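Asks: If you scroll down you'll find the structure; I have some questions about it.
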Amino acid sequence: ELTFNGRPLSCSAIAYTCRHLIAKRLRTNKRLTVNVIIAGWDRVNDLPQLYCIDEIASIREVATYAIHGSEIPFLLSILDQHSFTSHNNSSAVIYDDREMVVLIRRCWEQLSRRSYQRIDTSTVQLMQVSKKGCKTMRV
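All the letters of the sequence shown, read from the start, carry residue numbers 271 to 409 under our numbering.
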C-alpha cells in the first residue's frame with residue numbers, strides 16, 4: 271500500500287505528489303537532481319500504472335516499461351523494437367518472466383557492444399508489477 275504522510279494514496283496520486291515536490295524545489299536554490307520511476311497497481315481499473323519523473327519535474331505515464339540513466343535513447347530503441355502490440359487494442363503484450371529477462375539481457379549485450387561507457391550490470395534492476403505487488407527479478 272502506497273502512503274504519503276500516513277495516508278493511503280493511489281499510484282497516480284503518489285506520482286503527482288512527487289512531481290509537485292520536485293517542481294517546488296526546482297524553483298529554489300535547493301534543487302533535487304533525481305529521476306524517479308513509480309509503479310503500482312490501480313485497484314479501480316485493475317491495471318498496472320507506471321510513471322517516469324525527471325529532474326525538471328516533467329511526468330509521463332508509460333504503458334509497459336520504463337528506464338532511466340545515460341543510455342535511455344539507445345535502450346528505448348531496443349525495447350521498442352521488441353514490444354509488440356496486438357492488432358485489436360493499443361496495449362502491449364505482457365511477457366512472461368523468462369521472456370522479460372531474455373529481453374533485458376539482449377539490451378545489455380547490445381549496450382556493452384555499442385556504448386562508449388563502461389557498463390556496470392550489477393546496478394540493473396528488473397521489477398515486475400502485478401496485483402500481488404512488485405517483484406524484483408534477477409537479470
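We put the CB at the ideal spot given by N, CA and C, even for glycine.
All values derive from a computational prediction rather than experimental measurement.
Just mark Leu317 as buried or exposed, buried being the case when its beta carbon has 16 or more other beta carbons within 10 Å.
Replies: The residue labelled residue 317 in the question sits at position 47 within the sequence shown. It is exposed - the Cβ of Leu317 has fewer than 16 other Cβ atoms within 10 Å.
Asks: Could you name each continuous beta strand (DSSP E) segment of 3 residues or more that falls completely within the segment 300-351, going from the start of the chain to the end?
Replies: If we require 3 residues or more, the beta strand (DSSP E) runs fully inside the segment 300-351 come out as 306-312, 317-323 and 329-331.
Asks: Could you pull the start and end residues of the alpha helix (DSSP H) that Thr287 belongs to?
Replies: Here residue 287 corresponds to residue number 17 of the sequence shown, with the count starting at 1. Counting along the chain, the alpha helix (DSSP H) containing Thr287 begins and ends at Cys281 to Leu296.
Asks: CB-CB under 8 Å to Ile284, same chain, minus the five flanking residues each way: which ones, in chain order?
Replies: Position 14 of the sequence shown, counted from the first residue, corresponds to residue 284. Cβ within range, chain order: Leu272, Phe274, Ile308 and Gly310.
Asks: Indicate the three-state DSSP secondary structure (helix, strand or coil) for Ser392 in the structure shown.
Replies: Position 122 of the sequence shown holds residue 392. Note: Ser392 maps to helix in three-state DSSP.
Asks: Would you decide whether Cys377 is buried or exposed? Buried here means 16 or more other CB atoms lie within 10 Å of its CB.
Replies: In the sequence shown, residue 377 corresponds to position 107, counting from 1. Per the 10 Å Cβ criterion, buried.
Asks: Whose C-alpha, out of Arg408, Leu345 and Glu341, is nearest the C-alpha of Glu369?
Replies: Here the question's residue 369 lines up with position 99 in the sequence shown. Closest option to Glu369, Cα to Cα, is Arg408.
Asks: For Tyr321, is the classification buried or exposed, using 16 other Cβ atoms within 10 angstroms of its Cβ as the cut-off for buried?
Replies: Your numbering for residue 321 matches position 51 in the sequence shown. Buried: at least 16 other Cβ atoms inside 10 Å.
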